[in-house]
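Q: Here the protein sequences come in this chain order: A and B.
Per the UniProt record's numbering, residue 1 is the first one in the first sequence, and the count goes up by one each step.
Per the UniProt record's numbering, residue 1 is the first one in the second sequence, and the count goes up by one each step.
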Amino acid sequence: MVWLFAGSVGLLMGCGTYLVLRARGFSVALGLMLLTYATNLFVLAAGGLEVGRAPVAGHGNPVERMADPLPQALVLTAVVIGFAMTALVLVLILRALSDLGSERVDAQRGGEEQ
Amino acid sequence: MSLLLISPLALPLGLGALLIARPGLPLARQRWIGLTGSIAVLGAALGLLAVTADGRIAATLIGDWPAPYGIVLIADRLSALLLTLTGALALAVSAHLWLSPTAADRAGRHFHALFQLQLFGLAGAFLTGDLFNLFVFFEVLLIASYGLLVQGGGAERTRAALHYVVLNMIGSSLFLLGVALIYATAGTLSLAHLPDRLQALQPAQAPLAGAGLLLLGGAFALKAALVPVHAWLVPAYSAAQAPVAALFAIMTKVGVYALLRLFALLPAADSTLGTLPLPALIAIGALLTLSVGALGVVAAPDLRTMTANLVLVSVGTLLAGIAAGTTQGIAAGLYYLIHTTLVTGGLFLLIEAISWDRDRGPWLRPSPQPPAAAWLGPLFLGGALAIAGLPPLSGFVGKAWIMDALQSAGRVSATPHPGWMLSWALLLGSSLLVVVGLSRAGMVVFWQGAPAAAPSRRPPPLPPAAALLAASPLLVLLGGPLAQYLDATALQLRDGRAYVAAVTALEPIEPTESAAPAPTPDRADHGGRQ
Chain A
1 MVWLFAGSVG
11 LLMGCGTYLV
21 LRARGFSVAL
31 GLMLLTYATN
41 LFVLAAGGLE
51 VGRAPVAGHG
61 NPVERMADPL
71 PQALVLTAVV
81 IGFAMTALVL
91 VLILRALSDL
101 GSERVDAQRG
111 GEEQ
Chain B
1 MSLLLISPLA
11 LPLGLGALLI
21 ARPGLPLARQ
31 RWIGLTGSIA
41 VLGAALGLLA
51 VTADGRIAAT
61 LIGDWPAPYG
71 IVLIADRLSA
81 LLLTLTGALA
91 LAVSAHLWLS
101 PTAADRAGRH
111 FHALFQLQLF
121 GLAGAFLTGD
131 LFNLFVFFEV
141 LLIASYGLLV
151 QGGGAERTRA
161 ALHYVVLNMI
171 GSSLFLLGVA
181 LIYATAGTLS
191 LAHLPDRLQA
201 LQPAQAPLAG
211 AGLLLLGGAF
221 ALKAALVPVH
231 AWLVPAYSAA
241 QAPVAALFAI
251 MTKVGVYALL
261 RLFALLPAAD
271 STLGTLPLPA
281 LIAIGALLTL
291 SVGALGVVAA
301 PDLRTMTANL
311 VLVSVGTLLA
321 GIAAGTTQGI
331 AAGLYYLIHT
341 TLVTGGLFLL
351 IEAISWDRDR
361 GPWLRPSPQP
371 PAAAWLGPLF
381 LGGALAIAGL
391 PPLSGFVGKA
401 WIMDALQSAG
411 RVSATPHPGW
421 MLSWALLLGS
431 SLLVVVGLSR
441 AGMVVFWQGA
451 PAAAPSRRPP
461 PLPPAAALLA
471 ASPLLVLLGG
481 PLAQYLDATA
491 LQLRDGRAYV
501 AAVTALEPIE
511 PTESAAPAPT
521 PDRADHGGRQ
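1) Using C-beta distances below 6 angstroms, list every residue in its chain close to residue 538 (chain B), excluding the 5 sequence neighbours before and after it, in chain order.
2) Would ILE250 (chain B) and LEU15 (chain B) be called neighbours here (beta carbons separated by less than 8 angstroms)?
3) Does chain B have any CB closer than 8 angstroms to the CB of PHE26 (chain A)?
4) What does MET85 (chain A) reach in chain B if we use C-beta pairs closer than 7 angstroms?
5) Helix, strand or coil for GLY152 (chain B) per DSSP?
6) Specify, as a first and last residue, the run of the beta strand (DSSP E) that VAL500 (chain B) falls within.
7) Are the beta-carbon atoms of LEU278 (chain B) and ALA320 (chain B) separated by less than 8 angstroms?
8) Go ahead and label ILE509 (chain B) buried or exposed: buried means 16 or more other beta carbons lie within 10 angstroms of its beta carbon, across all protein chains shown.
9) In angstroms, rounded to a whole number, what distance separates the CA positions of GLY121 (chain B) and GLN30 (chain B)?
10) Buried or exposed, going by whether 16 or more other CB atoms sit within 10 Å of the CB of LEU334 (chain B)?
11) Rounded to the nearest angstrom, how far is the Cβ of VAL166 (chain B) from that of VAL28 (chain A), given a contact under 8 angstroms?
12) Of the residues B:ALA501, B:LEU191 and B:TRP232, which one's Cα is nearest the Cα of THR305 (chain B)?
13) Against chain A, does VAL298 (chain B) count as a neighbour if the rule is that its beta carbon must be under 8 angstroms from one of theirs?
14) What would DSSP say about LEU76 (chain A), mapped onto helix, strand or coil?
15) If I'm right that GLY296 (chain B) touches LEU312 (chain B) with Cβ under 8 angstroms, what's the distance once you round it to whole angstroms?
16) Any chance the stretch 370-380 of chain B sits against the stretch 421-437 of chain B, with 3 or more Cβ pairs inside 8 angstroms?
17) Could you name the residues of the stretch 57-80 of chain A whose beta carbon sits closer than 8 angstroms to any beta carbon of chain B, in the order they occur along the chain?
18) I believe ALA38 (chain A) touches GLY16 (chain A) by the beta-carbon criterion, under 8 angstroms. Please report the beta-carbon distance rounded to the nearest angstrom.
19) At the level of alpha carbons, what is the spacing between MET1 (chain A) and LEU114 (chain B)?
20) For TRP447 (chain B), is the classification buried or exposed, using 16 other Cβ atoms within 10 angstroms of its Cβ as the cut-off for buried?
21) Throw me the rounded Cβ distance for the residue 559 (chain B) and LEU35 (chain B) pair, which I believe falls under 8 angstroms.
22) Please report whether the beta-carbon of TYR485 (chain B) lies at a distance below 8 angstroms from any beta-carbon of chain A.
23) Which of the residues in the stretch 23-51 of chain A, read from start to end, lie with their CB under 7 angstroms from any CB of chain B?
24) What would DSSP say about ILE39 (chain B), mapped onto helix, strand or coil?
25) Taking only three categories from DSSP, how would you classify LEU25 (chain B)?
26) Kindly indicate the opening and closing residues of the beta strand (DSSP E) around LEU61 (chain B).
27) For SER355 (chain B), which of helix, strand or coil comes out of DSSP?
28) For ASP130 (chain B), which three-state DSSP category applies?
29) Could you tell me whether the Cβ of VAL20 (chain A) comes closer than 8 angstroms to any Cβ of chain B?
30) With a threshold of 8 angstroms between beta-carbons, can ALA6 (chain A) be considered close to chain B, or not?
31) Within this structure, are the beta carbons of LEU406 (chain B) and ALA324 (chain B) separated by less than 8 angstroms?
32) Does ALA54 (chain A) have its Cβ less than 8 angstroms from a Cβ in chain B?
33) Show which residues of chain B have a CB atom less than 9 angstroms away from the CB atom of VAL89 (chain A).
34) Within its chain, find whatever has a CB closer than 7 angstroms to the CB of GLU352 (chain B); leave out the 5 residues flanking it on each side and keep chain order.
35) Since LEU475 (chain B) and HIS339 (chain B) are thought to touch, with beta carbons under 8 angstroms apart, how far apart are those beta carbons, to the nearest angstrom?
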């Protein structure tokens, strides 16, 4: 399972990097989303990959059989932040589309007196 | 003591929330609220400065959760110093907005709310005691800075903001990957517990932890705008409105602060982790940064791009001192950090006043002199002398101190700092280029062209810019006591035992006065031998 998980994270990371480097608005947004997903999965794996562990102790689950709660808390925070950031990037890309008249993220137009 | 630690976070957050909830408030009242927030941060920071001046470390637990689980706020000399710097800069920018007839905060409805949230993020980043909350506060200040950057609209700002956001999101991913690797190997993210754990890693885990530390170094280098990850800085800072750019002068310093904390985590060479090349890499990046920045200063077509490149030069210069790793190097770098933050902030405000009623705006082309050139000229001269590092102002003192530190680090230490002579050559060469660039700018703006007509509209206020620039002679006059304070700061940072003791002494429910030195864990002074 470790190999499967690691392979998926690596694949997501690779696809994200490829898309970000395409330097077109929509690809960059998608790429950033994939990078965020890959990062979040990676953080989740930092607590150790084990099946059948209880998320919360008590209710018949001894503390020894409990999953590491800290990475879960970290991932929860990171997911929220990543969500907000993705929304912000999408707004900015739409704004750039109307301001710069091009989908390329390095489009040149206006603003510079020559 | 806990009130002092919480108020620089709670007050800007509360005021920011208030401003978001009441977007229809008259601008004058919003400016009052903004000024209040800045004064509150500065006041709390001065309080912390007084508390920590004798080497004590103030720490508190949010919500009284015990230390490994709860959120620790902690202020040592370094945190208090940088928080004071933030407060002073924010106060000058707020005063500038308050005095301006037509200021940057008219363009968007949420300017002051974003400003307060930016202060919240900055204060949090300087006061937090663990790596993950450092990440959270980084994101808070970045989100606020994205909003502030695009205030006023326009294609140039949109493009700069898009690049800035995308690069910083990638940087945040790297940060998080590093945090995950460190948690997976060391089992903690607390800055106080990490040094011990990293010192005593299993050999199998050491490479992973090393990779995590290097990833963090990369993410912080991006925030500090080190070459090769510096490209976002110049477009963003030159596109931002003047008060925003002035406030951003502290943002690269957050990256520098994080790098300082990271250096303090690096274990000694005899641990399983071995010697990480991080300080050497940062030193090379710093030298490249100041060279690239100096070339940018000479090549800049307008005053704002020039000042943005001056930020690059100063980040490179101060990190060259800090990366030397000695107490003297860190103290000298911190002196230069104070100097450059205040002076570049002042320069951004001054340049707005210069280009305000000038025919060619900030562009370095012949045009009639700006109105009030009799005031603007001497201020520009003073700022230029300070930032270029010419005597008698603080840039000279800072640079001389850094160069001295580089030389003694190269001479004394067993593993010599790579080529202090090369560092000297680059530092002096970049200073020369900066002098050339600034002289050319001053000549074009103030000497070419006829005297200007009377201003057609009320110019931006000069006192805040002048106050920030006046910090430079003040830093020279107070040089002695300040140098002692910074030496003590660097020693405290490299020793690190008091920091650990302050966190381990924190017991929930008990009053914080019990933070007296508790049984110190038996621990080698790893920081002193990196």
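Positions of the beta carbon are idealized from the N, C-alpha and C atoms, including for glycine.
Note that this is a predicted model, so its numbers are computed, not measured.
A: Taking the geometry as given:
1) The question about residue 538 (chain B) has no answer here: the residues shown for chain B are numbered 1 through 530.
2) no
3) no
4) Simply MET169.
5) coil
6) Element bounds for VAL500 (chain B): not the beta strand (DSSP E) but the alpha helix (DSSP H), 497-504.
7) no
8) Since pLDDT at ILE509 (chain B) reaches only 45, below the 50 mark, its modelled position is unreliable, and no value is offered.
9) 20 angstroms
10) buried
11) 6 angstroms
12) B:TRP232
13) Cβ-Cβ to chain A under 8 angstroms: no for VAL298 (chain B).
14) helix
15) 6 angstroms
16) no
17) LEU70, PRO71, LEU74, THR77 and ALA78
18) 6 angstroms
19) 45 angstroms
20) exposed
21) Since the first residue of chain B shown is 1 and the last is 530, residue 559 (chain B) is not available in this structure.
22) no
23) VAL28, LEU32, LEU35, THR36, THR39, PHE42, VAL43 and ALA46
24) helix
25) Residue state, collapsed to three classes: coil.
26) Per DSSP, the continuous beta strand (DSSP E) segment holding LEU61 (chain B) begins and ends at 58-62.
27) Secondary structure of SER355 (chain B) (DSSP, three-state): helix.
28) strand
29) yes
30) It does not; no Cβ of chain B falls within 8 angstroms.
31) yes
32) no
33) LEU162, VAL165, VAL166 and MET169
34) ALA242 and PRO460
35) 6 angstroms
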